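In the numbering used here, the protein residues as written are 1 to 234.
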């Protein structure tokens, strides 16, 4: 009996190993866009303005408009999804796709935040309008971030239709509010509002977006109800 079961156990062990390797490879591939853009930005900063306390404009434009960095970041995410799917069991692939959708959205938000922070650095840290202008000039960063958001929405469209879109709509609204929160400062200043008022409006927009994105459309009180149910069964 033991000899008959040994091949099955060996197969399960190999599948487990390949799954873990696939998850590790996918994790590192998702880090590639962030690490590559930050490392490239620091390199160009040192090369163009080694003694500067703020990022030089040329360095920012070289990094944010680099087609090679854009293609590398795009390829890394695509390969990460393929590797994790190929090394997983068929029954787990739906859950893996859902997890990768969330990773794409988080990566898009991080990319926008890093790009906006670099744009403010180029403008001298105090000029938010100039920083937002620099942020808009980095076209590949914006294309990459919104490509990830669009792809994640398209991938999860089946789930969107299956659940009547309630959870997905709330999540999408949250993502959109997070993405446009820097533009709130720019719009407020263009409307001749004070910087404090514009910043508060942007922070409120960002907070609402983060709250909607974090809840993922979960109805309030659901977690408490589940805890009560567990305690009652126990």
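Just so you know, even glycine gets a beta-carbon here, dropped at the ideal spot from N, CA and C. Note that the structure is a prediction, hence the values are computed from the model and not measured.
*In terms of residue numbering, what span does the alpha helix (DSSP H) encompassing residue 58 cover?*
On the chain shown, position 58 is the one that residue 58 refers to. Looking at the DSSP string, the run of the alpha helix (DSSP H) that includes residue 58 is 57-64.
*First through last residue of the alpha helix (DSSP H) which encompasses residue 72*: Sequence index remark: in the chain shown, residue 72 carries index 72 (1-based). Taken as a continuous stretch (DSSP letters only), the alpha helix (DSSP H) holding residue 72 covers 67-86.
*Please confirm whether residue 116 and residue 182 have their CB atoms less than 8 Å apart.*
Taking the chain shown and counting its residues from 1, one reaches residue 116 at position 116. Taking the chain shown and counting its residues from 1, one reaches residue 182 at position 182. Against a cut-off of 8 Å, the Cβ pair of residue 182 and residue 116 comes out as a contact.
*Have a look at residue 90 and residue 74 and give me their C-alpha separation to the nearest angstrom.*
Your numbering for residue 90 matches position 90 in the chain shown. Your numbering for residue 74 matches position 74 in the chain shown. About 25 Å.
*If you follow the alpha helix (DSSP H) that residue 133 is part of, which residue opens it and which one closes it?*
Here residue 133 refers to the residue found at position 133 when the chain shown is read from its first residue. Per DSSP, residue 133 belongs to the alpha helix (DSSP H) from 128-137.
*Neighbourhood of residue 62 by C-beta, 6 Å cutoff - its chain only, sequence neighbours within 5 removed*: For the purposes of this step, residue 62 is taken as the residue at position 62 of the chain shown. Excluding sequence neighbours, residue 62 sits near 44.
_Is the beta carbon of residue 108 closer than 8 Å to that of residue 69?_
Taking the first residue of the chain shown as position 1, residue 69 is located at position 69. Taking the first residue of the chain shown as position 1, residue 108 is located at position 108. For residue 69 and residue 108, no; Cβs fall outside 8 Å.
*Among the residues of its own chain, which have a CB less than 8 Å from the CB of residue 126, if the five just before and after it don't count?*
As a working note, residue 126 is residue 126 in the chain shown. For residue 126, where only same-chain residues beyond five positions count, there are no Cβ hits under 8 Å.
*Indicate, with yes or no, if the ligand GDP has a heavy atom lying under 7 Å from the CB of residue 155.*
Looking at this structure, you won't find the ligand GDP or any other ligand, since it has none at all.
_Supposed contact pair residue 184 and residue 198 - C-beta distance, whole angstroms, cut 8 Å_ = The residue labelled residue 198 in the question sits at position 198 within the chain shown. The residue labelled residue 184 in the question sits at position 184 within the chain shown. Confirmed, Cβ separation roughly 7 Å.
*What did DSSP end up calling residue 191 once you bin it into helix, strand or coil?*
Residue 191 sits at position 191 when you count from the first residue of the chain shown. Residue 191 falls in the coil class under three-state DSSP.
*Comparing alpha-carbon positions, which option in 72, 80 and 52 lies nearest residue 124?*
To locate residue 124, count along the chain shown from 1; it is residue 124. Selected option, being the one with the closest Cα: 52.
_Taking contact to mean 3 or more Cβ pairs, one atom from each stretch, closer than 8 Å, check whether the segment 74-86 and the segment 133-140 are in contact._
The count of Cβ pairs closer than 8 Å, one atom from the segment 74-86 and one from the segment 133-140, stays below three, leaving the stretches out of contact.
*asked:* If the criterion is Cβ atoms closer than 8 Å, does the pair residue 145 and residue 60 meet it?
replied: For this step, residue 145 is matched to residue 145 along the chain shown. For this step, residue 60 is matched to residue 60 along the chain shown. Not a contact, by the Cβ cut-off of 8 Å.
*asked:* Assuming residue 22 and residue 83 are in contact, meaning their beta carbons sit under 8 Å apart, how far apart are those beta carbons, in whole angstroms?
replied: Your numbering for residue 22 matches position 22 in the chain shown. Your numbering for residue 83 matches position 83 in the chain shown. With a Cβ gap of about 5 Å, residue 22 and residue 83 count as contacting.
_Let me confirm a value: residue 203 is counted as buried when at least 16 other C-beta atoms fall within 10 Å, else exposed. Which label applies?_
As a working note, residue 203 is residue 203 in the chain shown. Residue burial annotation: residue 203 is exposed, with fewer than 16 other C-beta atoms found within 10 angstroms of its C-beta.
*residue 174: which of 209, 154 and 147 sits nearest, CA to CA?*
Reading the chain shown from its first residue, position 174 is the one you call residue 174. When only C-alpha atoms are compared, the closest one is 209.
*Can you have a look at residue 95 and say buried or exposed, based on whether 16 or more other CB atoms are within 10 angstroms of its CB?*
For this step, residue 95 is matched to residue 95 along the chain shown. Here residue 95 is exposed, its C-beta having fewer than 16 other C-beta atoms within 10 Å.
*Cα separation between residue 30 and residue 98?*
Counting from one through the chain shown, the residue named residue 30 turns up at place 30. Counting from one through the chain shown, the residue named residue 98 turns up at place 98. Cα to Cα, the separation comes out at about 15 Å.
*Pick out whichever of 170, 172 and 205 has its Cα sitting closest to the Cα of residue 187.*
Residue mapping note: residue 187 aligns to position 187 of the chain shown, counting from 1. The shortest Cα separation from residue 187 among 170, 172 and 205 belongs to 205.
*Answer with buried or exposed for residue 103, where buried requires no fewer than 16 other C-beta atoms within 10 angstroms of its C-beta.*
Here residue 103 refers to the residue found at position 103 when the chain shown is read from its first residue. It is buried - the Cβ of residue 103 has at least 16 other Cβ atoms within 10 Å.
*Could you have a look at residue 118 and say whether DSSP puts it in helix, strand or coil?*
Stepping through the chain shown from its first residue, residue 118 is reached at position 118. Helix at residue 118.
_Comparing C-alpha positions only, which one of 114, 106 and 130 sits nearest to residue 176?_
In the chain shown, counting from the first residue as 1, residue 176 sits at position 176. Closest option to residue 176, Cα to Cα, is 106.
*Would you call the CB atoms of residue 139 and residue 19 closer than 8 Å?*
Position 139 of the chain shown holds residue 139. Position 19 of the chain shown holds residue 19. Their beta carbons are not under 8 Å apart, which means residue 139 does not touch residue 19 by this criterion.
*Note down the Cα distance separating residue 150 from residue 33, rounded to an integer number of angstroms.*
As a position in the chain shown, residue 150 is number 150, starting the count at 1. As a position in the chain shown, residue 33 is number 33, starting the count at 1. Their Cα atoms are separated by approximately 17 Å.
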